[in-house]
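Working notes, beginning with the structure itself.
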């Protein structure tokens, strides 16, 4: 699916350029030298290049002040050669992430973190959606998973994944920004394990974004349910002693019961990157009227 | 509780005025001659006066254009003698309500409908909260209803009641705008009745804002649960042939099972008006940094 989306974006960009437009531009701002952040940025840039998005990375020393960063964003907001602006999180402690997210122009905010995009999402209006929930949504729609009048559980209430996907799933399909019309239960760190199981056991769709390996096991899942694993956890493999990436779901156990399940790595991750490409094209084409 | 809140607001306003400030001002804009809207506005103004809020109502002919209304709001936004601005909904069809809600300055938006206030609510930031969910929240807190790690069902997904109360109930108590840490299920018109019952039957708290008389009956409620009825429905009394106001809950039946229950009329309604007064004082004191 991620490949399909990237191919569609690539084809749309070709047509866009044939019409006399320049290639979309994504400018990524990376503060500091966190190796995980550097890897994420590298993957995003690489995917963008493949579909015809021209990408720049501006790397800043972690000593940059908040005002300097705000000035940089102001310049990028005003730069007509820049369509999408992405500030890789996390930022150093002396910089307020919310202030920075709100300083990216909403129409260039390909991460969907600006308060206007959050407000629009929650009011069922067209918006730039955060790439991870957008990717989950696309996955459900393109696989033909029914959400209408179904039950869904979203484990995790983060503002970039749990909250937005719960919002997409429960809202009205007839609204401007269409929703899934599912009955949605949102669980979190304080949901007792027995309660969590009670909800997941009867759910048609379970989206897990908790950051807890093996949170969801086979005994917690309804036969035929759709299980979407957003977790990325680095754990030691007991057999080999090496580190490996796992999700929040016991994949081998749950796949015996579930109707659909996403792997980690290779599931939601590639969809997220594909949706970032799609968001950048949307920003370049000014698809949303702000 | 509504009286308590109004008395607190009255006392706070006295202190505020003793310090040399003028009384808070709420300006209500009423378009057209809908009798229900006129009654609501009258009740709001009357409550405001009693606590020391100076209130003006600007009544406009339904033929007012959107631009004329926007100009009026612009003037009110710039007027330092006005602390709170409330545009009574609904508006005539030729006026876009979302455009109008976004045209009230966020710091004067005592209805909490501006996209910035919606975004802040959903990001767990301090904000002017819509008065109805704010009233429900105060009711829970002041009654000592535990929400932490409890289960709650919110019936209805409207943007002024269902969505905000679900947001308040499920979010983190340690965040800037504190939440209730409940596990929350949001149901709506497409939730099958059997599913609804499954969820309400095991819920510690049920908030009903669906606009459907007798949606919640005794067999759907857990022993000792807290039931909050936001519905206001005008129905014909079979016995007398007269019209009366009822909520969404079968009050007489459910009160036998519930631990707490709110009546209609007289429950959430007065709390809503009290919270509007509180919001106006907050706006006057500029309690929230926008």
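Protein chains in written order, with our numbering: chain P, 2 to 291; chain G, 2 to 291. C-beta atoms are modelled at their ideal positions from N, C-alpha and C, and glycine is treated no differently.
Taking Cβ positions only, does residue i come closer than 7 Å to chain P?
i                     : result
residue 210 (chain G) : no
residue 176 (chain G) : no
residue 184 (chain G) : yes
residue 67 (chain G)  : no
residue 188 (chain G) : yes
residue 95 (chain G)  : no
Shorter than 7 Å from the beta carbon of residue i to some beta carbon of chain G?
i                     : result
residue 226 (chain P) : no
residue 191 (chain P) : yes
residue 116 (chain P) : yes
residue 171 (chain P) : yes
Give the single residue among the options whose Cα lies nearest to the Cα of residue i.
i                     : options                       : result
residue 245 (chain P) : P:251, P:256 and P:233        : P:233
residue 26 (chain P)  : P:87, P:174 and P:178         : P:87
residue 255 (chain G) : G:277, G:269, G:270 and G:207 : G:207
residue 52 (chain G)  : G:231, G:143, G:3 and G:20    : G:3
residue 46 (chain G)  : G:60, G:34, G:29 and G:62     : G:29
residue 273 (chain P) : P:152, P:238, P:213 and P:132 : P:132
residue 200 (chain G) : P:191, P:187, P:209 and P:139 : P:187
residue 121 (chain G) : G:169, G:157, G:96 and G:141  : G:169
residue 127 (chain G) : G:179, G:76 and G:193         : G:179
residue 61 (chain P)  : P:77, P:43, P:72 and P:32     : P:32
residue 285 (chain G) : G:249, G:166 and G:83         : G:83
residue 219 (chain P) : P:190, P:193, P:197 and P:250 : P:250
residue 229 (chain P) : P:138, P:123 and P:21         : P:138
residue 156 (chain P) : P:197, P:100, P:221 and P:252 : P:197
Helix, strand or coil for residue i per DSSP?
i                     : result
residue 126 (chain G) : coil
residue 99 (chain P)  : helix
residue 189 (chain P) : coil
residue 258 (chain G) : coil
residue 206 (chain G) : strand
residue 149 (chain P) : coil
residue 246 (chain P) : strand
residue 154 (chain P) : strand
residue 61 (chain G)  : strand
residue 111 (chain G) : coil
residue 31 (chain P)  : strand
residue 198 (chain P) : helix
residue 8 (chain P)   : helix
residue 133 (chain G) : helix
residue 20 (chain G)  : coil
residue 286 (chain G) : coil
residue 218 (chain P) : coil
residue 213 (chain G) : coil
residue 184 (chain G) : strand
residue 223 (chain G) : coil
residue 143 (chain P) : helix
residue 121 (chain P) : helix
For residue i, which residues from the same chain have a beta carbon less than 6 Å from its beta carbon, with the 5 sequence-adjacent residues on both sides left out?
i                     : result
residue 116 (chain P) : 103
residue 110 (chain P) : 118 and 129
residue 176 (chain P) : 125
residue 106 (chain P) : 78
residue 161 (chain P) : 131
Excluding the five sequence neighbours on either side, which residues of its own chain have a C-beta within less than 7 Å of the C-beta of residue i, listed in chain order?
i                     : result
residue 182 (chain P) : 148, 149, 150, 173 and 174
residue 235 (chain P) : 244 and 246
residue 136 (chain P) : 269, 272, 273, 275 and 276
residue 279 (chain P) : 6 and 10
residue 96 (chain P)  : 67 and 70
residue 260 (chain G) : 225, 226 and 227
residue 141 (chain G) : 148
Kindly list, in the order they appear in chain G, the residues whose Cβ is closer than 8 Å to that of residue i.
i                     : result
residue 124 (chain P) : 99, 116, 119 and 160
Which residues of chain P have a Cβ atom closer than 9 Å to the Cβ of residue i, listed in chain order?
i                     : result
residue 150 (chain G) : 191, 192, 193 and 196
Spatial neighbours of residue i within its chain, please: C-beta separation below 8 Å, excluding the five flanking residues on both sides.
i                     : result
residue 14 (chain G)  : 24, 25, 52, 53, 54 and 282
residue 50 (chain P)  : 56
residue 91 (chain P)  : 35, 38 and 98
residue 63 (chain G)  : 32, 33, 34 and 93
residue 213 (chain P) : 232, 234 and 249
Under 7 Å between beta-carbons, which chain G residues line up against residue i? List them in chain order, please.
i                     : result
residue 164 (chain P) : 123
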